[in-house]
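For the sequence shown, the working numbering assigns the number 7 to the initial residue and increments by one for each residue that follows.
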Amino acid sequence: MAAPASAAQSDREEVNFAPRGHEVRSVLDPEGKTLKYCEGDVRNPVHRCFLGGRRVLTEGIFMGGGGVDYGAAQVLGLKYANRHGLIAGATGTGKTVTLQIMAESFSKMGVPVFMADVKGDLSGLAKAGSAAAKLHGAFMSRAEKIGFDTYAYESFPVTFWDLFGAQGHPIRTTVAEMGPLLLSRLLELTEAQEGVVNIAFRVADEEGMPLLDLKDFQALLVWVGESKDSLSLRYGNVSVASIGAIQRRLLVLENQGGSQLFGEPALALEDMMALASDGRGRINVLAADRLMSSPRLYSTFLLWLLSELFEELPEVGNPDKPKLVFFFDEAHLLFDGAPKVLLDKVEQVARLIRSKGVGVYFITQNPDDVPEDILGQLGNRVQHALRAFTARDQKALRLAAETYRKNPRFDIETAIREVGVGEAVTSFLQDKGVPGVAERTLIRPPASQLGPITEAERADVIARSPVAGKYETVLDRPSAFEMLRARADKAAAAQARDFKAARRYQGGGARDTSSRSSQGDSFGEALTKQVMRELKGTTGRRIIRGILGGLFKGR
7 MAAPASAAQS DREEVNFAPR GHEVRSVLDP EGKTLKYCEG DVRNPVHRCF
57 LGGRRVLTEG IFMGGGGVDY GAAQVLGLKY ANRHGLIAGA TGTGKTVTLQ
107 IMAESFSKMG VPVFMADVKG DLSGLAKAGS AAAKLHGAFM SRAEKIGFDT
157 YAYESFPVTF WDLFGAQGHP IRTTVAEMGP LLLSRLLELT EAQEGVVNIA
207 FRVADEEGMP LLDLKDFQAL LVWVGESKDS LSLRYGNVSV ASIGAIQRRL
257 LVLENQGGSQ LFGEPALALE DMMALASDGR GRINVLAADR LMSSPRLYST
307 FLLWLLSELF EELPEVGNPD KPKLVFFFDE AHLLFDGAPK VLLDKVEQVA
357 RLIRSKGVGV YFITQNPDDV PEDILGQLGN RVQHALRAFT ARDQKALRLA
407 AETYRKNPRF DIETAIREVG VGEAVTSFLQ DKGVPGVAER TLIRPPASQL
457 GPITEAERAD VIARSPVAGK YETVLDRPSA FEMLRARADK AAAAQARDFK
507 AARRYQGGGA RDTSSRSSQG DSFGEALTKQ VMRELKGTTG RRIIRGILGG
557 LFKGR
């Protein structure tokens with residue numbers, strides 16, 4: 007039902023709608039009492055909503071149809087998209103498709119997206135759907151049912167990334183940028199071992215030794231072990247056993263392929279936040295099927311990327327739309343076994359990063375996989391079906407239902423149990439950031455291909471990427487490994503000169519025990535003396551690190 011011509015006329019003039027492709031669609035008021043209407047380009051799909059002549063939502067993305075007959079548009083407001091969100095549900099209930107249609111919609115609104123492709127299905131975003139596809143009939147039927155009259159297939163601008171460089175552009179960071187906290191989590195270190203890592207990073211920071219790749223860090227640990235007596239007096243106990251344990255964990259990481267994460271050229275965030283030539287946001291897809299075999303590597307990498315966004319991006323307050331939307335799939339891997347200090351820092355980043363214009367959406371099977379302090383910050387919810395087979399499942403279902411704003415039309419707990427595939431209980435933030443009433447929603451069908459593209463099609467997308475060739479060649483500039491080797495060579499040469507001088511003045515007489523002691527100085531001891539002399543003048547040099555221990559890049 008279209009609104010009367012006189013209703014909200016001034017509001018519509020203020021919004022300055024483009025005339026083509028816009029329509030007026032009926033939408034039930036959240037309380038189900040009055041009628042409001044949304045006007046928007048459903049090909050984006052974008053909606054601008056009004057209630058009683060007052061604009062209540064400037065712009066949003068069409069998620070699907072709700073209400074009694076599924077004809078009421080459910081809209082996620084762009085203004086509140088950086089207030090984070092949750093996509094939850096049991097396996098096979100439609101989470102991946104929801105993730106896909108959200109990425110499409112954000113891209114069309116000029117918002118870049120980052121997402122991990124755990125199953126390989128999301129590569130289909132790079133190719134338009136097809137009328138010959140198996141689900142074409144079902145998609146068209148659903149589009150008709152929810153009033154999605156201009157539904158059409160299209161492809162989207164996608165950039166493929168891969169930690170291992172096989173299914174996308176290589177993506178790297180440096181050991182220094184990862185920082186001691188996240189590196190210790192990645193290596194699953196004890197508190198004592200983490201202390202040694204912090205000492206190693208402090209020495210490297212003060213001494214100006216770049217830690218770029220694993221061989222830099224391994225060389226530094228060797229020197230720390232050989233210099234443990236001198237360093238322990240200054241920084242605290244350094245145990246050789248702890249260093250040995252760290253080296254063993256580094257070996258395990260190398261065997262898992264984790265060494266490919268570290269090095270240069272490191273990822274430039276501007277490449278991830280780029281727009282396509284037509285103004286659409288680029289969708290960054292990280293190939294994570296192989297990466298998932300190392301869950302700690304997967305979760306730590308994504309957490310590092312989130313911390314980089316937090317440290318590098320400027321404050322923007324409350325933007326009209328996000329600068330980037332970050333989807334964290336398999337979110338339980340981030341929180342499983344994480345120490346409280348790390349959880350507190352993640353909660354702090356989640357709370358503060360929205361003012362940088364970044365929206366973070368966690369995807370997981372069960373809402374209770376996410377800690378309560380973080381769950382409370384997720385304002386936009388898409389809850390697919392939960393299966394309550396055990397007492398724990400039933401408790402989780404009940405708690406999930408209690409987090410929604412009640413809808414008098416149905417029982418939320420029952421709805422979460424009964425919704426079918428591609429259907430969800432949704433709640434999105436509304437005017438002034440108020441949580442919307444829960445609604446049973448049929449999720450709209452995707453415009454891009456459902457399922458993966460072929461290897462040849464992926465290779466073609468990678469070849470045409472705007473960053474093609476930028477990250478493929480590894481750089482190996484002088485860093486901690488080379489600096490320590492040069493110092494070792496210098497110390498060894500000095501030791502050799504001293505020994506020759508001692509032999510010259512001692513002649514053929516009795517051998518002095520002091521010269522034997524000097525000759526017996528180890529390679530490591532000589533290097534220790536050299537570096538400790540230099541460290542005495544570096545106490546004023548510090549590298550500032552951010553909340554999660556990564557390098558703080560001044561803004």
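The C-beta atom is built at its ideal place from N, Cα and C for all residues, glycine as well.
Because the structure is a prediction, the values reported are computed rather than measured.
- Within the same chain, and ignoring the five residues on either side of Tyr159 in sequence, the residues whose Cβ sits closer than 6 Å to its Cβ are Ala134, Gly135 and Ala453.
- In the assembly as shown, Lys362 is a buried residue. Its beta-carbon has 16 or more other beta-carbons within 10 Å.
- Residue range Ile289 to Ala293 is occupied by the beta strand (DSSP E) that includes Asn290.
- If you look at Tyr304, you'll find it in the alpha helix (DSSP H) that goes Pro301 to Glu318.
- In this structure, DSSP gives Asp75 a state outside helix and strand, which the three-state scheme calls coil.
- The alpha helix (DSSP H) runs of length 4 or more contained entirely in the segment 384-445 are, from start to end of the chain, 397-408 and 418-424.
- By the Cβ rule, the segment 362-380 does not count as touching the segment 410-420, because fewer than three pairs are nearer than 8 Å.
- The continuous beta strand (DSSP E) containing Ile369 extends over residues Val364 to Thr370.
- Contact between the segment 107-118 and the segment 430-441 is not established, with fewer than three Cβ pairs separated by less than 8 Å.
- Using a Cβ-Cβ distance cut-off of 8 Å, the segment 140-157 and the segment 182-199 are not in contact, since fewer than three pairs of beta carbons, one from each stretch, lie closer than that value.
- Ranking Val117, Ala149, Gln262 and Gly100 by CA distance to the CA of Leu128 puts Gly100 first.
- Bounds of the alpha helix (DSSP H) holding Ala210 are Glu197 to Glu213.
- In chain order, Val355 and Ile359 place their CB closer than 6 Å to the CB of Phe316, counting only its own chain and leaving out the 5 sequence neighbours on each side.
- Annotated three-state conformation of Gln455 is coil, per DSSP.
- Here Val117 is not near Lys401, since their CB atoms are 7 Å or more apart.
- Taking the C-beta atoms as reference points, Ile177 is found nearer than 7 Å to Leu273.
- By the Cβ test, the segment 91-108 is in contact with the segment 388-398, since at least three Cβ pairs between them sit closer than 8 Å.
- For Thr104, the secondary structure class from DSSP, reduced to helix, strand or coil, is helix.
- Around the beta carbon of Leu237, 16 or more other beta carbons lie within 10 angstroms, which makes this residue buried.
- In this structure Val74 is exposed. Its beta-carbon is surrounded by fewer than 16 other beta-carbon atoms within 10 angstroms.
- Remark: C-beta atoms of Val331 and Val119 approach each other more closely than 7 Å.
- Taking every protein chain shown into account, the CB of Asp466 has fewer than 16 other CB atoms within 10 angstroms, so this residue is exposed.
- Note that the segment 477-487 touches the segment 167-182; at least 3 beta-carbon pairs, one per stretch, sit closer than 8 Å.
- In this structure, DSSP gives Pro325 a state outside helix and strand, which the three-state scheme calls coil.
- Straight-line spacing of the CA atoms in Arg89 and Arg491 works out to 49 Å.
- Gln173 sits in coil when the DSSP states are folded into three classes, being neither helix nor strand.
- Under the three-state reduction of DSSP output, Ile67 falls in the strand class.
- Between Arg286 and Pro163, the C-beta spacing is below 7 Å.
- Counted as a single uninterrupted DSSP element, the alpha helix (DSSP H) harbouring Phe341 occupies residues His338 to Phe341.
- Between the alpha carbons of Gln253 and Gln501 lies a gap of roughly 29 Å.
- In this structure, the beta-carbon distance from Gly91 to Gln80 does not fall below 7 Å.
- Under the DSSP assignment, Ala469 falls in the alpha helix (DSSP H) whose first and last residues are Glu461 to Ala469.
- Membership of Ala122 in the beta strand (DSSP E) is indicated by the continuous run Val119 to Asp123.
- Ranked by how close their Cα comes to the Cα of Phe334, the residues Leu312, Gly343 and Val473 have Leu312 in first place.
- Of Ala78, Thr420 and Ala132, the smallest CA-CA separation from Thr460 is found for Ala132.
- Closest by C-alpha distance to Phe268, out of Ala294, Val228 and Pro216, is Pro216.
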